[in-house]
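Since the structure comes first, as structure tokens, the remarks are kept for the end.
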Amino acid sequence: IGEIQRFLRDDGSVKVSRSLKETANRIRRKKDELTKELGRQPRVSEIAEALDISPEEVVFAQEAMREPASIHETVYE
Amino acid sequence: MTFHNKMELRFKAKSENEAFARVTVASFVSQLDPDLEQLTEIKTVVSEAVTNAIIHGYEENEEGWVFLSAEINDNEVTIIIRDEGQGIKDIEQARQPLFTTKPEMERSGMGFTIMENFMDHVEVTSEEGKGTTVKLVKKLITNPNQALCN
Amino acid sequence: MTFHNKMELRFKAKSENEAFARVTVASFVSQLDPDLEQLTEIKTVVSEAVTNAIIHGYEENEEGWVFLSAEINDNEVTIIIRDEGQGIKDIEQARQPLFTTKPEMERSGMGFTIMENFMDHVEVTSEEGKGTTVKLVKKLITNPNQALCN
Ligand SMILES: Nc1ncnc2c1ncn2[C@@H]1O[C@H](COP(=O)(O)OP(=O)(O)O)[C@@H](O)[C@H]1O
Ligand SMILES: Nc1ncnc2c1ncn2[C@@H]1O[C@H](COP(=O)(O)OP(=O)(O)O)[C@@H](O)[C@H]1O
Ligand SMILES: [Mg+2]
Ligand SMILES: [Mg+2]
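Protein chains in written order, with my numbering: chain Z, 1 to 77; chain F, 1001 to 1150; chain U, 2001 to 2150.
Spelled out as structure tokens, the structure:
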């Protein structure tokens, strides 16, 4: 039964790499939007507030843009 | 053992550093590409333990250092959070759900209970006047295909 | 001085930790609320210095530790990256644009030049057989309204 539970859970799970990539895309769109609106590069806090996450989380998610979190993903997606 | 990595960190006992500590551990652990739920669990327990060190251990005296280490051995993560603050008188009592010595701060008394729920192993050692160490261990499901074969 | 914060970190000389170091410093510095351009500059220099420690200092021997500290004093950030690796023979030469001792690895020889361009102050000390320390200082423009008044 433990294995079945584990299987069910895995089946419904979202990998961190994918979730970060989605957040990173939202950050990039918000950044472009705010850059136009403000006529300057937005501050970390402005992005964070607009997306309702902490500045530290903005930094973390942005990293997903630079490199795939795993080789697996580069190859298979 | 095929994969090993380790980091050790210390930072000032400022409430600003709680989010910093949480993201630092998350970014270290994300090397294993766990599922989102597990990463959220880890971030939550780091938050609880670091907050305890800052507000209970040092009572927000910013001169204090909070020590944090994270180690990966294959798919197992060990996180140690330590302070050199005032320590805990009665650990068993402190670990009870809803027990708190700071009810006035709207503390829920659920920090240790959350750690126990989200981690596979929680070890607390403490000495009054010397400080507190919390060791947290969790096995991550890092490859869903592998789980299918078990 | 009104705002002070400090963190110290060490991690294994593994290439996986380059991204980790970059996120850790950037997330610490985000307390000063820089704009995204300044943040990218800081991430880039941390990347360069940490990569140097790993591939030149330790030649990718994963047993080595890379030491990193970041300190905030008001709006000034000081980042120190240190290794106990093989050291640099001739620092002045090493800092020249395009100079590299690893042309075979597609190194650009631009690491130090990038650090100098993005930071206000770059200090390199090194001893052969003992290791290398890079100190990087940058004043951030942390408040756009204030900048307008200058
Ligand atoms: N690092 C620490 N140093 C000193 N006391 C601690 C520490 N961590 C926990 N405690 C004690 O254990 C109690 C229970 O902790 P916890 O379950 O996190 O609840 P809460 O933080 O909401 O009080 C705290 O109220 C405090 O008395
Ligand atoms: N931490 C270090 N330990 C030993 N040697 C180093 C270190 N950092 C830099 N160097 C030396 O300085 C040279 C120039 O560094 P850099 O400008 O970053 O260019 P690159 O890394 O592309 O070679 C390197 O090729 C190396 O010989
Ligand atoms: Mg608590
Ligand atoms: Mg270089």
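Don't be surprised by glycine CBs; every beta carbon is placed ideally from N, CA and C.
Shortest Cα-Cα distance from Q2093(U) to any of V2124(U), G2064(U), N2073(U), V2066(U) involves V2124(U).
Between the stretch 1009-1022 of chain F and the stretch 1055-1062 of chain F, the count of C-beta pairs closer than 8 Å reaches three or more; the two stretches touch.
For K21(Z), the enclosing alpha helix (DSSP H) starts and ends at 16-38. A distance below 6 Å between beta-carbons, with the five flanking residues on each side excluded, links V2029(U) to the following residues of its chain, in chain order: I2042, V2077.
In this structure, the C-beta of T2100(U) stays at least 8 Å away from each heavy atom of ligand 3. The beta carbon of E2048(U) is closer than 7 Å to those of G2111, I2114, M2115 in its chain, skipping five residues each way along the sequence. M1007(F) carries a strand assignment under DSSP once its states are collapsed to helix, strand and coil. Scanning chain F for C-beta atoms nearer than 7 Å to the C-beta of S2027(U) yields F1020, V1023, T1024, reported in chain order. By the C-beta criterion, the stretch 1059-1069 of chain F is judged not to be in contact with the stretch 1031-1040 of chain F, since fewer than 3 inter-stretch pairs fall below 8 Å. The alpha-carbon of E37(Z) is positioned some 42 Å away from that of F1118(F).
When secondary structure is reduced to three states using DSSP, S2047(U) falls in the helix class. With a threshold of 9 Å between beta carbons, E22(Z) makes no contact with chain U.
Secondary structure at R2107(U): coil, using DSSP grouped into helix, strand and coil. Cβ neighbours of G1087(F) within its own chain (closer than 7 Å, five residues either side excluded): S1126, E1127, E1128, G1129, K1130, G1131, T1132.
Rounded to the nearest whole angstrom, the CA to CA distance from F60(Z) to K2138(U) is 21 Å. Residues of chain F with a Cβ closer than 7 Å to the Cβ of E2060(U) do not exist; the shortest Cβ-Cβ separation is about 14 Å.
Residue contact with chain F for F2118(U): absent (no Cβ-Cβ distance below 9 Å to any residue of chain F). The Cβ atoms of S54(Z) and V1023(F) lie closer than 9 Å to each other.
Contact residues of ligand 3 (beta-carbon closer than 5 Å to any heavy atom; chain order) are N1052(F), G1111(F).
Taking 8 Å as the cut-off, one finds no heavy atom of ligand 4 near enough to the beta carbon of E1128(F). DSSP lists L2009(U), I2081(U) as the bridge partner or partners of L2068(U). With a cut-off of 8 Å, the C-beta of E1048(F) is classified as near ligand 1, since at least one heavy atom of the ligand falls inside that distance. Each of S1108(F), Q1031(F), D1074(F), F1020(F) was checked against the Cα of A2019(U), and the nearest Cα belongs to Q1031(F).
Annotation: the continuous alpha helix (DSSP H) that includes E1018(F) extends over 1017-1029. Taking CB atoms only, K31(Z) has a neighbour in chain U less than 9 Å away.
When the five nearest sequence neighbours on each side are left out, the beta carbons in the same chain lying within less than 6 Å of the beta carbon of P2034(U) are those of L2140, in order along the chain. The beta carbon of V2025(U) sits closer than 8 Å to those of I2042, K2043, V2046, L2068, A2070, I2079, all from its chain and outside the five residues before and after it, given in chain order.
Contact check for G1109(F) and F1099(F): beta-carbon distance about 5 Å, within the 8 Å limit, so the pair qualifies. In this chain, L2032(U) is not harboured by any beta strand (DSSP E), its DSSP state being neither H nor E.
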